[in-house]
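Quick notes on the structure that follows.
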Amino acid sequence: MEKSLAISQSVSSIDDESPKTAIHQVSAIQRPARVNVGCGATPINGWLNFDNSLTVRLAAFPMLLPWLRRLQLLNGEQLAFARSVAEHRVEWAEATRTLPLRDASVEVLYSSHMLEHLDHSERDRFLKEAKRVLVPGGIIRLVVPDLAKMIRNYSQTGDADTFVASTLLSTDRPAGLLARLRLLLVGTRHHAWMYDAGSLERLLISHGFVRATSMPPGETLIPNPGPLNLREREDESVFVEATKPSVGLH
2 MEKSLAISQS VSSIDDESPK TAIHQVSAIQ RPARVNVGCG ATPINGWLNF DNSLTVRLAA
62 FPMLLPWLRR LQLLNGEQLA FARSVAEHRV EWAEATRTLP LRDASVEVLY SSHMLEHLDH
122 SERDRFLKEA KRVLVPGGII RLVVPDLAKM IRNYSQTGDA DTFVASTLLS TDRPAGLLAR
182 LRLLLVGTRH HAWMYDAGSL ERLLISHGFV RATSMPPGET LIPNPGPLNL REREDESVFV
242 EATKPSVGLH
């Protein structure tokens with residue numbers, strides 16, 4: 002993964018430069034990148050890691066973090082993530098708007114447990130952006146909670162409360178000023194939509210990808226996946242890969 006590491010170092014070394022400059026720097030690299038979008042607390046070493054969490058922004062102010070923790074505006078997991086941002090070279094990006102990457106500059110785009118947080122319009126914009134940055138023949142690998150597994154569990158247990166809670170399609174309304182401030186700071190974490198293997202395959206095909214395929218945990222069509230965790234949250238997840246069509250293929 003030396004080529005991806007070189008790209009990551011080039012992008013991450015321009016913390017204070019404009020997005021246009023960042024795009025120029027990435028496009029100057031001749032070899033395509035490998036990208037983890039919505040990486041959260043699981044960035045991939047040697048890849049470009051992007052996340053839109055405010056925690057990534059707050060990581061630029063390390064002296065502020067302990068105070069936010071004392072005020073209970075950040076929990077322990079968020080604090081640990083903020084402190085690891087610099088170490089893992091996580092960059093802020095809003096994937097439903099634009100990724101700071103040139104057209105056809107990415108050979109692999111990976112996203113785990115992000116898509117289900119997007120509503121339909123956000124999801125469509127993200128997939129359009131993913132297709133834009135992928136090279137022809139590039140691979141997108143999406144990991145999401147598997148609705149089919151949840152339904153199977155419900156059919157076995159008959160526990161409706163556990164089933165509904167597992168979907169995270171609804172959360173309690175914030176009670177009190179502190180909870181409202183925390184919501185403003187870190188946003189909601191509930192799910193906007195759910196998928197199974199078939200629906201995710203159809204979604205990717207509808208956005209112009211080809212060969213959309215559900216993959217068993219631990220398997221991939223990505224050449225030399227390196228440090229990519231092919232079993233991330235496998236007990237609850239479905240893994241689907243698809244390919245951007247080659248030039249001239251429709």
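Counting in the numbering used here, the final residue of the sequence shown is number 251, and the numbers go up one at a time with none missing. We put the beta carbon where it would ideally sit given N, CA and C, even for glycine.
Beta carbon of residue i nearer than 9 angstroms to that of residue j
i              : j             : result
alanine 83     : threonine 56  : yes
leucine 110    : valine 38     : yes
isoleucine 141 : threonine 244 : yes
alanine 166    : valine 239    : no
leucine 59     : leucine 72    : no
glutamate 95   : asparagine 53 : yes
aspartate 147  : tyrosine 196  : yes
valine 144     : glutamate 233 : yes
histidine 208  : aspartate 125 : yes
proline 218    : leucine 231   : yes
Outcome for residue i when other beta-carbon atoms lying within 10 angstroms are tallied against a minimum of 16
i                 : result
lysine 132        : buried
asparagine 50     : buried
methionine 115    : buried
alanine 87        : exposed
glutamine 157     : exposed
glutamate 202     : buried
phenylalanine 127 : buried
glycine 159       : exposed
proline 137       : exposed
serine 28         : Low local confidence applies: a pLDDT of 42 at serine 28 is under 50, so the model's placement there is unreliable, with the coordinate-based value given in what follows. Exposed.
aspartate 162     : exposed
leucine 65        : exposed
leucine 1         : No statement about residue 1 is possible, as the shown extent of the chain runs from 2 to 251 and does not include it.
threonine 22      : No answer about threonine 22 holds up, because its pLDDT of 40 lies below 50 and its placement is not dependable.
glycine 47        : buried
valine 36         : buried
valine 241        : buried
arginine 174      : exposed
valine 248        : exposed
glycine 139       : buried
glutamate 117     : buried
proline 63        : exposed
alanine 176       : exposed
threonine 172     : exposed
serine 5          : Low per-residue confidence applies at serine 5: pLDDT is 39, beneath 50, and the placement is therefore not dependable enough to give any value.
8 angstroms contact criterion, which residue i and residue j should meet: CB distance rounded
i            : j              : result
leucine 169  : histidine 192  : 4 angstroms
alanine 213  : isoleucine 206 : 5 angstroms
threonine 99 : glutamate 78   : In fact, because the Cβ distance is near 28 angstroms, the residues do not count as touching under 8 angstroms.
histidine 33 : serine 106     : Note that residue 33 is proline in the sequence shown, not histidine. Indeed they touch by this definition, with Cβ atoms about 6 angstroms apart.
threonine 97 : leucine 119    : 6 angstroms
leucine 102  : valine 134     : 5 angstroms
Beta-ladder partner(s) of residue i, from DSSP
i              : result
tryptophan 93  : Asp52
asparagine 154 : Partner(s): none; asparagine 154 has no beta bridge.
glutamate 220  : For glutamate 220, which the question treats as bridged, DSSP gives no partner whatsoever.
asparagine 37  : Asn50, Tyr111
leucine 135    : Val107
alanine 161    : Alanine 161 is not bridged to any residue.
alanine 243    : Ile141
proline 146    : Ser238
serine 215     : Val241
threonine 99   : Glu95
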